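Data block below; observations after.
There are 2 protein chains.
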Amino acid sequence: MQLVVILSFFAVVIAFAFAVYLYLWVKKQPSENKRIIEVSSLIQAGANTFMRREYGVLARFAGVAAVLIFLFLPEPLWNGSLLGQDGSLVRHFAMTAAYLAGTILSAIAGKIGILVATSANGRTAEGAKKDLKTAFLIGFRGGSVMGLAVVGFSLLGVMAVLLIAADATILLGFSFGASSLALFAKAGGGIFTKTADVAADLTGKVELGIPEDDPRNPAVIADNVGDNVGDVAGMGADLFDSNVAAMASALVMSQALDGGFGANTAMVFCYAALGLIASIIGIACARVGKKGNPTGALNASTYTTTAIFLVLTAIVTPLLPGFQWRIWGASAVGLIVGVVIGITTDYFTDDSKPIVQKVAHASRSGSAFTILSGVSYGFISALPAMVGIAVSALVAYMLCDPLGEGYALFGIAMAAVGMLSIVGMIISNDAYGPIVDNARGLAEMGGLGEETIRIADELDSAGNTVKAVTKGFSIGAAGLTVISLLGAYMSEVNEALSGMGKELLTGFDILDPTVFFGILIGAAIPAVFSAMLILGVDKNAQRMVGEIRRQFREIKGLKEGRKGVKPDYDTCIGIATSGALKELIPAGLVTIAATVLVGFIGGPSAIGGFLLGNIVSGLLLALFMSNAGGLWDNAKKYVEAGNEGGKGSDAHKAAVTGDTIGDPFKDTAGPSINTQITVVSLVASLLSGLFAAFSLFG
Amino acid sequence: MQLVVILSFFAVVIAFAFAVYLYLWVKKQPSENKRIIEVSSLIQAGANTFMRREYGVLARFAGVAAVLIFLFLPEPLWNGSLLGQDGSLVRHFAMTAAYLAGTILSAIAGKIGILVATSANGRTAEGAKKDLKTAFLIGFRGGSVMGLAVVGFSLLGVMAVLLIAADATILLGFSFGASSLALFAKAGGGIFTKTADVAADLTGKVELGIPEDDPRNPAVIADNVGDNVGDVAGMGADLFDSNVAAMASALVMSQALDGGFGANTAMVFCYAALGLIASIIGIACARVGKKGNPTGALNASTYTTTAIFLVLTAIVTPLLPGFQWRIWGASAVGLIVGVVIGITTDYFTDDSKPIVQKVAHASRSGSAFTILSGVSYGFISALPAMVGIAVSALVAYMLCDPLGEGYALFGIAMAAVGMLSIVGMIISNDAYGPIVDNARGLAEMGGLGEETIRIADELDSAGNTVKAVTKGFSIGAAGLTVISLLGAYMSEVNEALSGMGKELLTGFDILDPTVFFGILIGAAIPAVFSAMLILGVDKNAQRMVGEIRRQFREIKGLKEGRKGVKPDYDTCIGIATSGALKELIPAGLVTIAATVLVGFIGGPSAIGGFLLGNIVSGLLLALFMSNAGGLWDNAKKYVEAGNEGGKGSDAHKAAVTGDTIGDPFKDTAGPSINTQITVVSLVASLLSGLFAAFSLFG
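Which chain is which? The protein sequence lines are F and Y, in order. Note that the first sequence ends on residue 1066 in the numbering used here; no numbers are left out. Note that the second sequence ends on residue 1066 in the numbering used here; no numbers are left out.
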């Protein structure tokens, strides 16, 4: 098995080396336009300020959590023999250290993303002055740096924790560190970015009729900062978390199957490493012709990476001892279903397909119809993905069940690992979006001319379309991961129960009233969680709308664009920052508190139900919100491209309203639900011992 | 037990007699205004045309379903010995007859509702010319006629089927008849009513700025017809269905516990009869002072009825042999939780409470904020109801579990029976709404003057507020009913499995991959179902908007209100009718087809999961949609009352957009989901034998 460890380590080193190379390549690209450099550094400064303040808040949260973890996990400190044979105190230290390592690596990954993205955005804009090909490469490679960093860190971190601690439960602590940070980073960044975006659109586009990214708009810099802190750093933390959780849940099971570091554990690492290598090849190959189609290029590299992964794993599986074809099948099914979910998502959100055009057409009758049709198609769009997740879980289970007890759930975990194997590629595609979005804004503000803006627009639109696909992917992977975490939860509970000499759980029967009780409450949590985030955006954006209106009213010459008159960008950045920091903690705490409450009331069975309800309604709402949001965004773009009356028409106004509603759906609430269900699953696993020891009705 | 049968029969007779008395009382009220009589008869004619055409379509559907039921249920016809001892052929006949009886009684109840409502609306308007007290009484008593008819028919029907067939499975056929008709009646009526409402509001209020119910608006009669066919007839069919399903599922279990007609079965009938008597008393006592508060009066009669039911059952329970206090406790918990759910719903939708006011305030920043805040509070509002249902199911289970095997689920069924015991009162309150809504329109069109319109407005607003409460009630009851139907499904499956000599199911474990598969797909169905209904409204309303715009453009003098110029009301009624009939079948069929498909793919376990997923996401979405819709409606009314800028302000426009979106949420999709989950549960129970005999993976 040393071979696999060496392979993984090798993949990580290559990934880091390639990331550094790409970063230097991006840095080498010309950056000459003074105005762009100036605005770019404003964005960088704004992003850094927010990140510093956010990490400050999160560090305090992590500190408190670390103390609680040290006291209570894996079991209350005073239960074990402190310095006994099982090394109780050492385990508590290890758990706490793993937790902190998870938070720190997650934070670093986000920070790197911001660093590159804010260097790449201006250069992409200037690249667009040259041609599409150059601009595409800068944007894509900028995104790839974060993709490689995230996957490299997650593989390295998981490997290090497992090799040092040799204890899968400690791995859950590491994963919880990554998740809890991701929850807040995603929520905080999501609130920040949509506060600015919504407020800028409503006052600028709708009220004053000035173009997007117009430098007169006081919220324009905040909007660009938001793209970075929400869509780059937040998304990076999110996928770092998903990737770690998928590996951790697979490793908890593989360790149980192997009784230590055996073939199954090796398989998890090997596949993750091969996925990273496939992503590196895919990233290296991605390019587009001078007049090429960027959406096609991005999707092509996803499919290439998928194919490379499938081939590489198919080559390695028969060569290594103990690697089983059935498990390969499970991971292949996961990956293929991920791609299929992406394609169906694309059908609902791509403006060359009928759905987006129907919603755009409905906008002619007023914004109510934009909303009603978007909500409806958003609901329908959840069906194929739900079926896909259901089928892949069923197939993975059936494939691996004959291998022996415990393999069925391991199969589901491997389907999740398979789906996330190409996450390096997914993140690259995803981070490309905000970079080119920023570039478009900078091209506008730097006065780079119509043609450059048109190229930037084309790149931006590709980013939007691809984003829908990658979101479908990450929600699907989160779904499979939490299903396998449900299995991990049961084995953790049973370990605790057997330690207490209590009767073991054999499953979670939905006719058991405590399970049912948990299901109903678990199902309500994602709704409440997303509502709190949306309300956060809503409240905050209203505040910012007030400020923008004030500036246009009070700063003479601003509206007319008189030379030398500048808006006060900083106040808007300040509003977004303090609002986001105020709102991010409650939503996260409510979900954790609900888990703890249900656990202490209904006991381990209720938590099983709670996790299920949470997963089911979380997936449904996440898919609905992400897809409806993407749909509205592209319907607006479709109208702006001159259809259904084009810019300035009533249909356009209605489509902009749709987009405004879709913004917090798709960029704040929708993707945060992913993290929310992972966090709840991990909290449940980690606290299983406490719930087993004490509960009111359980 | 004869005593109980006599009591039930007595209650039904009293209810019918009282209904006839109230109907005659309403008829006796003055109806003099020529214009009102004319418009009233237009509404009546429109409603009758739609009902005739709808019932025509449904009769064909029921005919096909009856043939299938005859061939396949309780088991395929060719399986049994046709004329053997077990009377196989007779059972098939009985099943088919029960099914048809269910559809016919449901249709009659709806028809009666329309008959009274369309007589009461004009009289209520003229009553409002006198005073609030008179108008309130006419509106409320008109609604009560349907309330009494629905409950009377459901109790009579269930009793007759059980006494004649002496077979609880046949009762499920009766219940399925009621449900399948309700599904289509609710969907068809819901699409009709909101097509007209949305189109009338958008063109009239938003585009032209003419008042609601202005006779110049070509859609105004269609809008009033819609109130009757959707909110009166559809709602009546819906609650007939819920009530029958709750009794049927309780009786399936009581028959199993009693081994025939014993104490538990008697208890179901006795409580239903006492609930009916309590409702009669409540209805007889309801009144309001000349300057009184109609909302208070309606709520007070609900609370009175609740108290009367609790007292009556508490008196009877110790007197009758075999009646158990624990079961009384379960039904009391159900009813009390129903009231609590109603009160929490009220908190989210009442315009004197902070939530509605916040949404109204958010409307100042534009319609996007109206929608975002409404969606958020709608999501949050689902939590208390979900917790309420979870707690009442848990408590009922725990209370009745000590009575012996099978009693726990019977307890949950009795909680549903308890919650629905006062359904006569609930329907009266609910049907009051559309009657006074119509009355308001008629007062406007009949030119009855400002003061009369103000009174009608006050009555209308009370109808809206109370509607929220009754909807919370009916969703809660549907939730408990389907939970107990889940139990009924398991006993039906096991009966079939034991007949085939196969291994029995002991439960539905969420870690079983077929169960999980079913859960995920089941959870997506209510989303798809409601999306199809909303799209139906959306498409249809766009068509009608086009027609209204055409009329205003082409009919000279219409916009200006020149004397003698009338719009073409009939074309609008025709559009709503044909659109609704076209859209109502597919949505219903999709849900039934999905159930059948999942059953034949995954087998009985997958269906168990499917039902659970369906229930959980169905409850969540139904609560979200109903409450968000009510919230927006009242936020608009709050603005119209002069707050946040009042009528004509930007906030008002935004609030109207919110209301337009909320309309199909709360009156088409939301309440139809109730029926959808009941239908799916019944289909599953009825087809359990087929799924047990054949499935791909089960």
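Even for Gly, the Cβ is constructed at its ideal location relative to N, Cα and C. Small disclaimer: the values here were computed from a predicted structure and weren't measured.
Item: Three-state secondary structure assigned by DSSP to Phe377/F; Value: helix
Item: Other residues of its chain near Ile405/Y: CB distance less than 7 angstroms, five sequence neighbours each side excluded; Value: Ser399 and Gly490
Item: Closer than 9 angstroms at the beta carbon, the chain Y residues around Val913/F; Value: Ser733, Gly734 and Phe737
Item: Boundaries (first-last residue) of the alpha helix (DSSP H) holding Gln919/F; Value: Pro881 to Glu922
Item: Candidates Ala385/F, Pro586/F, Asp565/F and Ser543/F: closest to Thr939/F by CA position; Value: Pro586/F
Item: Residues of its chain near Ala475/Y, where Cβ-Cβ distance is below 7 angstroms and the 5 sequence neighbours each way are ignored; Value: Tyr423 and Leu549
Item: Proximal residues of chain A, C-beta to C-beta of Asp938/Y below 9 angstroms; Value: The structure shown has no chain A; the protein chains it does contain are F and Y.
Item: Supposed close pair Ile916/Y, Thr571/Y - CB separation, criterion 8 angstroms; Value: 4 angstroms
Item: Beta-carbon separation (whole angstroms), Gly556/Y vs Ala948/Y, contact threshold 8 angstroms; Value: 5 angstroms
Item: Alpha-carbon spacing of Phe737/F relative to Ala730/F, whole angstroms; Value: 6 angstroms
Item: Beta-carbon spacing of Ile902/Y, Ala1037/Y below 7 angstroms; Value: yes
Item: Residues of the segment 536-570 of chain Y whose Cβ lies closer than 8 angstroms to any Cβ of chain F, in chain order; Value: Val566 and Leu570
Item: Spatial neighbours of Phe992/Y in its chain, beta-carbon cut-off 7 angstroms, leaving aside the 5 residues before and after; Value: Gly746, Phe747 and Ala750
Item: Nearest-angstrom Cβ-Cβ length linking Asn1042/F and Ile851/F, presumed shorter than 8 angstroms; Value: Contact flag wrong, Cβ pair sits at about 14 angstroms.
Item: Alpha-carbon spacing of Gly414/F relative to Asn908/F, whole angstroms; Value: 17 angstroms
Item: Chain F contacts from the segment 994-1016 of chain Y (Cβ-Cβ distance under 9 angstroms); Value: none
Item: Through-space distance from Ile645/F to Val701/F, alpha-carbon basis; Value: 20 angstroms
Item: Paired residues, beta bridge with Asp877/Y - DSSP; Value: Asp877/F
Item: Below-7 angstroms beta-carbon distance, Asp877/Y vs any chain F residue; Value: yes
Item: Secondary structure of Ser449/F, DSSP reduced to three states; Value: Low confidence applies to Ser449/F: its pLDDT is 48, below 50, so where it sits in the model is not reliable, and the reading given next is rough at best. It is coil, neither helix nor strand.
Item: DSSP state of Ala654/F mapped onto helix, strand, coil; Value: coil
Item: Cβ pair Tyr389/Y, Val484/Y closer than 7 angstroms; Value: no
Item: 4-residue-minimum alpha helix (DSSP H) runs that sit fully inside the segment 713-801 of chain F, ordered along the chain; Value: 722-730, 735-768 and 775-788
Item: Where Ala961/F falls, given that 16 or more other Cβ within 10 Å makes a residue buried; Value: exposed
Item: Through-space distance from Leu666/Y to Tyr715/Y, alpha-carbon basis; Value: 16 angstroms
Item: Alpha helix (DSSP H) segment containing Leu619/F, residue limits; Value: Met603 to Asp626
Item: Under 7 angstroms (Cβ pairs) to chain Y, residues found in the segment 698-732 of chain F; Value: Ala730
Item: Validate contact between the segment 453-469 of chain Y and the segment 767-774 of chain Y using beta carbons, cut 8 angstroms, 3 pairs; Value: no
Item: Reduced DSSP secondary structure (H/G/I, E/B, other) of Pro935/F; Value: coil
Item: Test item: CB-CB of Ala846/Y and Val600/Y under 7 angstroms; Value: no
Item: Three-state secondary structure (DSSP) of Leu540/F; Value: helix
Item: Whole-number beta carbon distance between Gly997/Y and Gly1030/Y, since they are thought to touch under 8 angstroms; Value: 4 angstroms
Item: Sub-7 angstroms separation of Ile559/F and Gly904/F beta-carbons; Value: yes
Item: Residue of Val612/F, Gln910/F, Leu1055/F and Phe608/F minimising C-alpha distance to Lys562/F; Value: Gln910/F
Item: Contacts around Phe677/Y, its chain only, beta-carbon distance under 7 angstroms, and the 5 residues preceding and following it disregarded; Value: Leu642, Gly643, Ala646, Leu703, Ser789 and Ile790
Item: Any chain Y beta carbon closer than 7 angstroms to Gly981/F; Value: yes
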